[in-house]
Amino acid sequence: MVSKQRAERIADRIREDLSQILLLESSDPRLIGISITDVTVDRELNVANVYVSAVEGSERADEILAALNHARGYLRSALSARISLRTFPQLHFHWDATPEHADHMEKLFAQLRAEKENTFEPDEDSQLEDDMDDDGS
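Taking our numbering, the leading residue of the sequence shown gets 60, the next gets one more, and so forth.
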């Protein structure tokens with residue numbers, strides 16, 4: 060069992076190296092435009108959970124996860140050649156919808172800002188004009 064800090068360092072290294080492998084060495088067109096958003100490794104170094112996302116969103120999630128699972132053996136082998144560990148963890152791929160949720164929240168905030176700007180808030184000059192009209196002056 061490794062320390063929590065060592066497991067985090069290993070996870071960071073897997074994320075960096077896997078990103079490079081997918082960017083520079085992958086020839087599968089299904090893996091174009093994906094991002095490794097996070098990697099977690101259990102303290103026994105048995106499993107590395109790899110979280111991925113794509114620019115297009117979850118439309119391609121099934122296709123991307125199928126491609127990654129198909130290439131799992133190659134990716135694990137390529138990573139173990141780069142990262143020296145006694146035993147290399149099994150790779151488990153998961154879809155990360157966090158970027159989609161963040162984009163949705165940003166759109167909601169933009170909509171609220173637009174609605175707030177479009178709401179009429181009388182300023183002092185228009186309030187004075189209204190008061191003058193009521194006095195008959």
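A virtual CB, placed ideally from N, CA and C, is assigned to each residue, including glycine.
Task: Spatial distance of L127 from A173 (CA atoms) - done: Taking the first residue of the sequence shown as 1, we reach residue 127 at position 68. Taking the first residue of the sequence shown as 1, we reach residue 173 at position 114. Our two residues, L127 and A173, have alpha carbons roughly 41 Å apart in a direct line.
- [ ] Please work out which residues of its chain come closer than 8 Å, Cβ to Cβ, to N177, disregarding the five sequence neighbours upstream and downstream, and give them in chain order.
- [x] As a working note, residue 177 is residue 118 in the sequence shown. Apart from the 5 residues on each side of it in sequence, N177 has no Cβ closer than 8 Å to any other Cβ in its chain.
TODO: Report the residue from I69, L167 and H163 whose alpha carbon sits nearest the alpha carbon of V109.
DONE: Looking up residue 109 in the sequence shown gives position 50. Among I69, L167 and H163, the Cα nearest to that of V109 is on I69.
Open item on the list: Please give the ranges of any beta strand (DSSP E) in the segment 76 to 149, keeping only runs that are unbroken, at least 3 residues long and fully inside the region.
Closed with: Counting whole runs of 3 or more residues, the segment 76 to 149 contains the beta strand (DSSP E) stretches 93 to 100 and 106 to 113.
TODO: Tell me whether A130 is buried or exposed, calling it buried when 16 or more other Cβ atoms sit within 10 Å of its Cβ.
DONE: Along the sequence shown, read from residue 1 onward, the residue named residue 130 stands at position 71. By the Cβ-count criterion, A130 is buried, with 16 or more other Cβ atoms from all chains shown falling within 10 Å of its own Cβ.
Task: Inter-residue Cα distance where the pair is Q149 and A107 - done: Working through the sequence shown from its first residue, we reach residue 149 at position 90. Working through the sequence shown from its first residue, we reach residue 107 at position 48. If I take the Cα positions, the gap works out to 6 Å.
TODO: Rounded to whole angstroms, what's the CA-CA distance from A137 to E118? Just pull it up for me.
DONE: Residue numbering aside, residue 137 sits at position 78 when the sequence shown is read from its first letter. Residue numbering aside, residue 118 sits at position 59 when the sequence shown is read from its first letter. Their Cα atoms are separated by approximately 28 Å.
- [ ] Would you mind stating whether I95 and V114 have Cβ atoms separated by less than 8 Å?
- [x] The sequence position of residue 95 within the sequence shown is 36, counting from 1. The sequence position of residue 114 within the sequence shown is 55, counting from 1. In this structure, I95 lies away from V114, with their beta-carbon atoms at least 8 Å apart.
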